[in-house]
Amino acid sequence: MLALSFHCAIRQKHLDCDHLYKIDSTQWCFICILVIYVSANILSNEGHAMSLSANSDAVSYASVTGVKTAAETGDRIEWVKLSLAFLPLATPVSDAKVLTGRQKPLTEVAIIIAEIRSRDGFEGVGFSYSKRAGGQGIYAHAKEIADNLLGEDPNDIDKIYSKLLWAGASVGRSGMAVQAISPIDIALWDMKARRVGLPLAKLLGAHRDSVQCYNTSGGFLHTPLDQVLKNVALSRESGIGGIKLKVGQPNTAEDIRRLTAVREALGEDFPLMVDANQQWDRETAIRMGRKMEAFNLIWIEEPLDAYDVEGHAQLAAALDTPIATGEMLTSFREHEQLILGNASDFVQPDAPRVGGISPFLKIMDLAAKHGRKLAPHFAMEVHLHLAAAYPLEPWLEHFEWLNPLFNEQLELRDGRMWVSDRHGLGFTLSEQARKWTQLSCEFGKYAG
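Mapped onto the numbering used here, the consecutive letters of the sequence shown carry residue numbers 98 to 545.
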């Protein structure tokens, strides 16, 4: 039918233009055969297309050959080592929790270390810690779940995290349950950054190459005031950017006396913070907070019990001095309550305590969305990279306690701690860390 119509059209055109050219019968036959052939192919293809659209079962796709999937080519975890070391402190340390009789002086820090090696030869190191009780329990739980890492792609950090949570689901998703995952998660992030040849801060997307840094270790309550003042002077000479003084002892007048002396030594504008370590009730906190307004403090830290979200919110609303808290919380959900409850101006998550870098990043994201400032607690070796990736200007806490664990040290200059160009976290374990190790276990190919 199509050929006949086309023939008629051409014939009519020929008649209309007969005065221009002539087509004989042989040429007409050739044209008709050509039209019939083309029409048949068009109809055949249309019919094939219609059959495909009408019957999905008939659809087939060309197979791609010679291309492997990510699952086939991905790296695999082949070896895991866990260690429990005890780092002794030069002097027993006391904060307000000791002076109120709730704790004994701190004499050592338990360090739980994870070392991970992959099939492709990449390595990662991470750590968690506990002060006073808990170190043995964290290590024991990590040992129970660590074999779940073997055979996994070390790049699948979220998948691995979920797998480890489910492996220990009966003990919950906070506290020691996640603190046992922390060294593993941190080691995986360390490996991920080493794999691509970047400092972890750069892998995360750094907002800065250095972070303003304050010192805590020189201002504990066991330290006489004259020595505190010497420590303050030494810290400033070393390039520190701020000083934190411990308060919260039963004699509140003594807190004010020490604070007055330190502020006078530092001058009016040098950054100064105080930390009550959760030892005030609401009434004392508001009274002391008002007395401390005159000292131009960067923040008042942990004025109340860590889980008193409502009390912290009331205090934050009542005082001009910012409130900081969060170091004792051990999960994303707990920090979520703190942030959404407007309970502080500064959030102070601790990556080893909340379960590692993965949940810490979620806390950072939520805090940034709500305009909170960031001041991570302890573990500056990890937190420097995380703070460098925070959009708002953060503070980093300087503690030299963990220095002997590593062969490398951080650079403090001009009031700031600087991110090095070393890949990953930028640290390797020292021989001293090995000597302090009391327990260890290995899993996988190289276990011996």
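No residue lacks a Cβ here, since even glycine has one placed at the ideal position from N, Cα and C.
* Asked: Between Val-177 and Glu-539, which are expected to be in contact by the criterion C-beta below 8 angstroms, what is the C-beta distance as a whole number of angstroms?
  -> 7 angstroms
* Minimum C-alpha distance to Leu-326 - residue among Cys-310, Arg-354 and His-304 -> Arg-354
* Provide the residue span of the beta strand (DSSP E) that contains Met-288, from first to last. => Premise fails: Met-288 lies in the alpha helix (DSSP H), 279-293, not in any beta strand (DSSP E).
* To do: Determine the DSSP secondary structure at Ile-208, reduced to helix, strand or coil.
  => strand
* In three-state terms, what does DSSP make of Ala-472? -> coil
* Asked: Does DSSP put Asn-312 in a helix, in a strand, or in coil?
  -> strand
* Asked: Any idea what DSSP makes of Trp-263, helix, strand or coil?
  -> helix
* To do: With a 10 Å radius around its C-beta and 16 neighbouring C-beta atoms as the bar for buried, classify Leu-246 as buried or exposed.
  => buried
* Under 8 angstroms, do Pro-296 and His-520 count as touching if we go by C-beta distance? -> yes
* Asked: Quick one: what does DSSP say Arg-216 is sitting in, helix, strand or coil?
  -> coil
* **Distance CB(Leu-309)-CB(Leu-493) smaller than 8 angstroms** => The sequence as given places Gln at residue 309; Leu does not occur at that position. Yes.
* Residues of its chain near Lys-542, where Cβ-Cβ distance is below 7 angstroms and the 5 sequence neighbours each way are ignored -> Glu-175 and Trp-176
* Asked: Under a three-way DSSP split, which group does Met-425 fall into?
  -> coil
* Selection from Ser-259, Ile-337 and Ala-330 that minimises the alpha carbon distance to Glu-508 -> Ile-337
* To do: Compare the beta carbon distance of Thr-427 and Val-275 with 8 angstroms and say whether it is the shorter of the two.
  => yes
* Asked: Should Pro-189 be labelled buried (16 or more other beta-carbon atoms within 10 Å of its own) or exposed?
  -> exposed
* Asked: With distances taken from CA atoms, which of Ala-237, Leu-184 and Arg-291 is nearest Asp-217?
  -> Arg-291
* When we look at the beta-carbon of Leu-322 and count the other beta-carbons within 10 Å, is it buried (16 or more) or exposed? -> exposed
* If you run the structure through DSSP and keep just helix, strand and coil, what is Phe-367? -> coil
* DSSP-derived helix/strand/coil call for Leu-149 -> Annotation note: pLDDT 44 at Leu-149 (below 50); position unreliable, coordinate value reported separately. In this structure, Leu-149 counts as helix in the three-state DSSP scheme.
* Asked: Cα separation between Gly-468 and Pro-419?
  -> 13 angstroms
* **Assumed close pair Tyr-258, Ser-455 - CB separation to whole angstroms, cut-off 8 angstroms** => 5 angstroms
* Which residue from Met-370, Leu-401 and Ile-208 puts its Cα closest to that of Arg-379? -> Leu-401
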